[in-house]
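Here the structure comes first, spelled out in structure tokens, and everything after it is commentary.
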Amino acid sequence: MENFGEILEMIMIVCFGISWPLSVYKSFKAKSAAGKSFVFLFAIWFGYVAGIIGKVLLGEITIAFYFYLINITIVSVDIGLFFRNKNYDKKRETFA
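In our numbering, the protein residues as written are 1251 to 1346.
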């Protein structure tokens, strides 16, 4: 049953992670932070950090652990794009 729990956790992480590449793509193309929330992005990022630390402390470095790493990397990129896009928004406001 332990493996079944791991499979379910992996499915959860994959389902959460499916949306992040699309979010990054939209952020990159939009060049605007409109509709994005840093607090939301940070909460997701922090959740992944907690999951990663939990896996390490429990010594459960399984395939699910690597999905946490992939997801936190993609969310980190989206956070970076958020700040880039905030800068674009400020520049547009200055010239408007």
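Quick reminder that beta carbons are idealized off the backbone N, C-alpha and C, glycines included.
Report task. Report the rounded CA-to-CA distance for Ala1280 versus Glu1343, giving the unit in angstroms. Result -> Counted from its first residue, the sequence shown places residue 1280 at position 30. Counted from its first residue, the sequence shown places residue 1343 at position 93. Each residue's Cα considered, the two are about 16 Å apart.
Report task. Ignore the nearest five residues each way along the sequence and tell me which others in Ile1302's own chain have a CB closer than 8 Å to its CB. Result -> In the sequence shown, counting from the first residue as 1, residue 1302 sits at position 52. Excluding sequence neighbours, Ile1302 sits near Phe1315, Tyr1318, Leu1319 and Ile1322.
Requested in this report: May I have a chain-ordered list of the beta strand (DSSP E) segments no shorter than 3 residues that lie completely inside the stretch 1300-1326?
Outcome: none
Query raised in the report: What distance in whole Å lies between the Cβ atoms of Phe1332 and Lys1286, which are believed to be in contact at a cut-off of 8 Å?
Result: Position 36 of the sequence shown, counting from 1, holds the residue named residue 1286. Position 82 of the sequence shown, counting from 1, holds the residue named residue 1332. Contact check for Lys1286 and Phe1332: beta-carbon distance about 5 Å, within the 8 Å limit, so the pair qualifies.
Query raised in the report: Is it the case that the CB of Ile1313 approaches a heavy atom of the ligand ZN more closely than 7 Å?
Result: Among the components modelled here there is no ligand, and therefore nothing to report on the ligand ZN.
Query raised in the report: Is Val1274 near Asp1328, with beta carbons less than 8 Å apart?
Result: The residue you call residue 1274 lines up with position 24 of the sequence shown. The residue you call residue 1328 lines up with position 78 of the sequence shown. It is a contact, given that the beta carbons lie within the stated cut-off.
Query raised in the report: Helix, strand or coil for Ser1282 per DSSP?
Result: On the sequence shown, residue 1282 is found 32 positions in, with the first residue counted as 1. Of the three classes helix, strand and coil, the one that applies to Ser1282 here is coil, per DSSP.
Query - Separation of Leu1308 from Gly1297, as counted between CA atoms - result: Numbered from its first residue, the sequence shown carries residue 1297 at position 47. Numbered from its first residue, the sequence shown carries residue 1308 at position 58. Whole-angstrom Cα-Cα distance: 16 Å.
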